[in-house]
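J.:
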Amino acid sequence: MELATLYRISKGWTSPEEERVINRAKVLSDKVGTVEQRIRTLFGLQTLYVVQARYKEVQRTIGQVEELFRQIQLTPLPFADFYPAGIKLFTGQFTEARELYEKIVVVHDNKHIWALQESQGFNYLVHGLTLKAHVLWCLGYPQLALNNAQGAIELAREFAQPFNQALAITYLAMLQAWRADTDTFLANAKEAWAMTVEYKAPYYHAWANILLRFAQAEQQPDPPNLALLRQAINDFTDTGARIRLPVYLSFLAQACLKAGRIEAGLDALELAWVQSVRVSDETCATIKAAAQQANIALSVHAPYYINLNAKTTELLKGGLDRLLAAARAGYKAGATDIIFHPGSYMNDDPKVVYPIARRRLAEVTDQLKSEGVHVTLRPETMGKSAMLGTLEETILLARDIDGVLPCIDFAHLHARPGDGSFNSYVEFAAALKLVGSGLGRRGLSALHIHLSGIEYGPKGEKRHLPLKEADLKYKELFKALIDLDAGGRILCESPAMEDDAVLMQRTYQRLAAKKPA
Numbered sequence: 005m006e007l008a009t010l011y012r013i014s015k016g017w018t019s020p021e022e023e024r025v026i027n028r029a030k031v032l033s034d035k036v037g038t039v040e041q042r043i044r045t046l047f048g049l050q051t052l053y054v055v056q057a058r059y060k061e062v063q064r065t066i067g068q069v070e071e072l073f074r075q076i077q078l079t080p081l082p083f084a085d086f087y088p089a090g091i092k093l094f095t096g097q098f099t100e101a102r103e104l105y106e107k108i109v110v111v112h113d114n115k116h117i118w119a120l121q122e123s124q125g126f127n128y129l130v131h132g133l134t135l136k137a138h139v140l141w142c143l144g145y146p147q148l149a150l151n152n153a154q155g156a157i158e159l160a161r162e163f164a165q166p167f168n169q170a171l172a173i174t175y176l177a178m179l180q181a182w183r184a185d186t187d188t189f190l191a192n193a194k195e196a197w198a199m200t201v202e203y204k205a206p207y208y209h210a211w212a213n214i215l216l217r218f219a220q221a222e223q224q225p226d227p228p229n230l231a232l233l234r235q236a237i238n239d240f241t242d243t244g245a246r247i248r249l250p251v252y253l254s255f256l257a258q259a260c261l262k263a264g265r266i267e268a269g270l271d272a273l274e275l276a277w278v279q280s281v282r283v284s285d286e287t288c289a290t291i292k293a294a295a296q297q298a299n300i301a302l303s304v305h306a307p308y309y310i311n312l313n314a315k316t317t318e319l320l321k322g323g324l325d326r327l328l329a330a331a332r333a334g335y336k337a338g339a340t341d342i343i344f345h346p347g348s349y350m351n352d353d354p355k356v357v358y359p360i361a362r363r364r365l366a367e368v369t370d371q372l373k374s375e376g377v378h379v380t381l382r383p384e385t386m387g388k389s390a391m392l393g394t395l396e397e398t399i400l401l402a403r404d405i406d407g408v409l410p411c412i413d414f415a416h417l418h419a420r421p422g423d424g425s426f427n428s429y430v431e432f433a434a435a436l437k438l439v440g441s442g443l444g445r446r447g448l449s450a451l452h453i454h455l456s457g458i459e460y461g462p463k464g465e466k467r468h469l470p471l472k473e474a475d476l477k478y479k480e481l482f483k484a485l486i487d488l489d490a491g492g493r494i495l496c497e498s499p500a501m502e503d504d505a506v507l508m509q510r511t512y513q514r515l516a517a518k519k520p521a
């Protein structure tokens, strides 16, 4: 594991050398190792799996670590919640993630800090502060987020740990990417790029390179800068890393849109404002002009943290404010549709939740109309049975509230039952007919569809997958859409976004060409 630590720092978190050594350590620790050695090896595996975005495997190893601590009757170390917190953060459970990170960073234990530095290669307090900063940003606390990120940088300097200084400055640059201040973002990205070169931190250099190329493309969206950004993303994925990949692809999409260059003839784009809405009026005007010039239909995905069934005034107001902000900025940017996750049942009866959600969403549409913000709000069908967002519920919301239509995520509908159903031509056609019967021809001709492969379990969605790695019968869906003369937009949400978007378009066009005139 000492060798794994060296590889993690010098080669990268997901380098072949790192993965090979950790897997070998796992075999040895299972056969001849002590419990403490197995725990250390499992922590190493968790690090690898998080950066590979293999969250199912992370969850499995978390359970194994907890069981080993029980066996030796020891209290877990202060950083034991580090990876459970990461799972919460990267799957959108921001409040729970914040609570865990706050527990981690409140324990300033030099002994454990140095022990983890030596055994895993990073400072848990520095890393905890950086990730807490991202959670705070997602929850709508930008100044607190920046304060925590700056605190992480100062702490890394205090410990005189070059690798962790490179880590902290790259996280800060990522926060700046979500701000409207492009000059500050560019300056921070340059600093992160230079520091990751100086301190020879290859994983963080690959990440910082994406941020730098995006910052440059934001300021000068020309073909050379777009090519550099695309290459930076490819270089990052070549390391085996997949963490935050949809965010990086959204950077590429934004840069392409700003340049008026939409690849492969794709004619619809969804702006992923899923963390926060921090975009200037000037940038919105630029986006709108570029989209009009390129004849691109725009939609916006509002921040994840919205719950029409929120139980406190603070949580409800925060969520509705995010939806309103996305709608206002999206309208200025030329978007016609605002996609959002409607929330959770919170263990309530869905029949009780629906009228509450309907009333609250109607208040939002009334507010937008009074401001002259003419967009369609689209509650998305959700992939877990605990979440508000069945197909029927989204149709009802659209029928009951003017200015609302569904966003139908067919991968979510396939995952939601947890048994592999909703995956045939008959089921897809029945769903589309349900839209038609509930909303008339208007609903069926103005569909807004999300599509990707998906991994699921008994409780529903786990993560999105490339189409070729999943079992979703998307060709059968396309046949149903064609046969029922459906219209609208299909937005690709695959981790392999560009490749699968082109695959979807070409497959749909090929099938449509076969339909008798």
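Last residue of the sequence shown: number 521 in this note's numbering, and the count goes up by one each step with no gaps.
Ideal Cβ placement from N, Cα and C applies to all residues, glycine included.
Computed from a predicted model, the values in this text were never measured in an experiment.
(1) Could you have a look at Tyr145 and say whether DSSP puts it in helix, strand or coil?
(2) Tell me whether the beta-carbon of Thr134 lies closer than 8 Å to the beta-carbon of Ala193.
(3) According to the Cβ coordinates, are Gly393 and Glu384 closer than 8 Å?
(4) Can you tell me the Cα-Cα spacing of His131 and Ser449, whole angstroms?
(5) Can you confirm whether the region 178-191 touches the region 215-226 when touching is taken to mean that 3 or more C-beta pairs between the two stretches lie within less than 8 Å?
(6) Would you call the region 356-372 in contact with the region 276-290, where contact means no fewer than 3 C-beta pairs closer than 8 Å?
(7) If you draw a straight line from the C-alpha of Arg234 to the C-alpha of Leu471, how long is it?
(8) Measuring straight from C-alpha to C-alpha, what distance separates Ile300 and His454?
(9) Measure how close the beta-carbons of Tyr349 and Gly96 come, nearest whole angstrom, since I'm counting them as under 8 Å.
(10) So is Leu312 buried or exposed if we call it buried at 16+ other beta carbons inside 10 Å?
(11) Considering only C-alpha positions, which residue in the set Tyr429, Asn427 and Gly440 is nearest to Glu396?
(12) Looking at Val368 and Leu327, is the spacing between their C-beta atoms short of 8 Å?
(13) Report the residue from Phe482, Leu400 and Ala84 whose alpha carbon sits nearest the alpha carbon of Val430.
(14) Measure the alpha-carbon distance for Arg24 versus Met501 and round it to whole angstroms.
(15) Of the residues Leu436, Phe414 and Leu485, which one's Cα is nearest the Cα of Ala474?
(16) Out of His305, Glu318 and Thr317, state which residue places its alpha-carbon closest to the alpha-carbon of Ala329.
(17) Go ahead and label Leu78 buried or exposed: buried means 16 or more other beta carbons lie within 10 angstroms of its beta carbon, across all protein chains shown.
(18) What is the C-beta distance between Arg102 and Leu140, in whole angstroms, given that I count them as a contact (C-beta under 8 Å)?
(19) Taking the alpha carbon of Tyr145 as the point to measure from, which residue in Asp185, Thr174 and Thr99 has its own alpha carbon closest?
(20) Quick one: what's got a C-beta closer than 8 Å to Ile247's C-beta in the same chain, skipping five residues either side?
(21) Between the alpha carbons of Glu162 and Met391, how many angstroms are there, rounded?
(22) Give me the residue from Asp242, Arg42, Asn213 and Ala245 with the minimum Cα distance to Leu232.
(23) According to the Cβ coordinates, are Leu409 and His452 closer than 8 Å?
(24) Quick check on Glu40: buried or exposed, where buried means 16 or more other Cβ atoms within 10 Å of its Cβ?
(25) DSSP has Ala243 in a bridge; who is on the other side?
(26) Cutting at 7 Å between CB atoms, please list the residues of its own chain near Val278, excluding the five before and the five after it.
(27) Please report how far the alpha carbon of Lys321 lies from the alpha carbon of Gln147, in whole angstroms.
(28) So which of Tyr203, Arg74 and Phe86 has the shortest CA-CA distance to Gln63?
(29) Do Ala245 and Tyr207 have their CB atoms nearer than 8 Å?
(30) Provide the residue(s) that pair with Glu375 in DSSP beta bridges, ordered along the chain.
(31) If you measure between the beta carbons of Gln154 and Thr186, is that distance less than 8 Å?
(32) Using only CA atoms, which one of Ala339, Ile291 and Asp271 lies nearest to Ser303?
(33) Have a look at the DSSP bridge pairing and note the partners of Ile4.
(34) Suppose you measure from the CA of Gly492 to the CA of Arg44; what does that come to, to the nearest Å?
(35) Would you mind reading off the limits of the beta strand (DSSP E) that contains Arg467?
(36) Does the beta-carbon of Arg364 have 16 or more other beta-carbons within 10 angstroms, so that it is buried, or is it exposed?
T.: Judging by the given coordinates:
(1) Reduced to three states, the DSSP call for Tyr145 is coil.
(2) Pairing Thr134 with Ala193 gives a Cβ-Cβ distance that is not under 8 Å.
(3) Yes, they are a contact pair.
(4) Their Cα atoms are separated by approximately 48 Å.
(5) Cβ pair count under 8 Å is three or more, so yes.
(6) The region 356-372 vs the region 276-290: no contact.
(7) If I take the Cα positions, the gap works out to 21 Å.
(8) For Ile300 and His454, the distance between alpha carbons rounds to 17 Å.
(9) So it is not a contact: roughly 16 Å between Cβ atoms.
(10) Of the residues assessed, Leu312 falls on the buried side of the cut-off, its CB having 16 or more other CB atoms within 10 angstroms.
(11) Of Tyr429, Asn427 and Gly440, the residue nearest in Cα terms is Gly440.
(12) Yes.
(13) Ranking Phe482, Leu400 and Ala84 by Cα distance to Val430 puts Phe482 first.
(14) CA-to-CA, the gap between Arg24 and Met501 works out to about 29 Å.
(15) The residue with the shortest Cα to Cα distance from Ala474 is Phe414.
(16) Of His305, Glu318 and Thr317, the smallest CA-CA separation from Ala329 is found for His305.
(17) In this structure Leu78 is exposed. Its beta-carbon is surrounded by fewer than 16 other beta-carbon atoms within 10 angstroms.
(18) Between Arg102 and Leu140, the beta carbon gap of about 7 Å places them in contact (Cβ cut-off 8 Å).
(19) The option with the nearest alpha carbon to Tyr145 is Thr99.
(20) Here the set comprises Val54, Val55, Gln56, Ala57 and Phe94.
(21) If I take the Cα positions, the gap works out to 44 Å.
(22) Comparing Cα positions, the closest option is Asn213.
(23) Between Leu409 and His452, the CB-CB gap stays under 8 Å.
(24) Looking at its Cβ environment, which holds fewer than 16 other Cβ atoms inside 10 Å, Glu40 is exposed.
(25) Here residue 243 is Thr; the residue named in the question, Ala, does not match the sequence. Thr243 is not bridged to any residue.
(26) Setting aside the 5 residues that flank it on each side, Val278 is surrounded in the same chain by His305, Pro307 and Tyr308, each with a C-beta closer than 7 Å to its C-beta; the list follows chain order.
(27) Approximately 19 Å between the Cα atoms of the pair.
(28) Comparing Cα positions, the closest option is Phe86.
(29) Cβ distance < 8 Å, so Ala245 and Tyr207 count as in contact.
(30) The partner list for Glu375 (beta bridge, DSSP) is empty, contrary to what the question assumes.
(31) No Cβ-Cβ contact shorter than 8 Å links Gln154 with Thr186.
(32) Answer by Cα proximity: Ala339.
(33) With the chain covering 5 to 521 only, the question about residue 4 has no answer from this structure.
(34) In a straight line, the C-alpha of Gly492 is about 51 Å away from that of Arg44.
(35) For Arg467, the uninterrupted beta strand (DSSP E) run begins and ends at Gly464 to Leu469, by DSSP.
(36) Note on Arg364: 16 or more other CB atoms within 10 angstroms of its CB, so buried under the neighbour-count rule.
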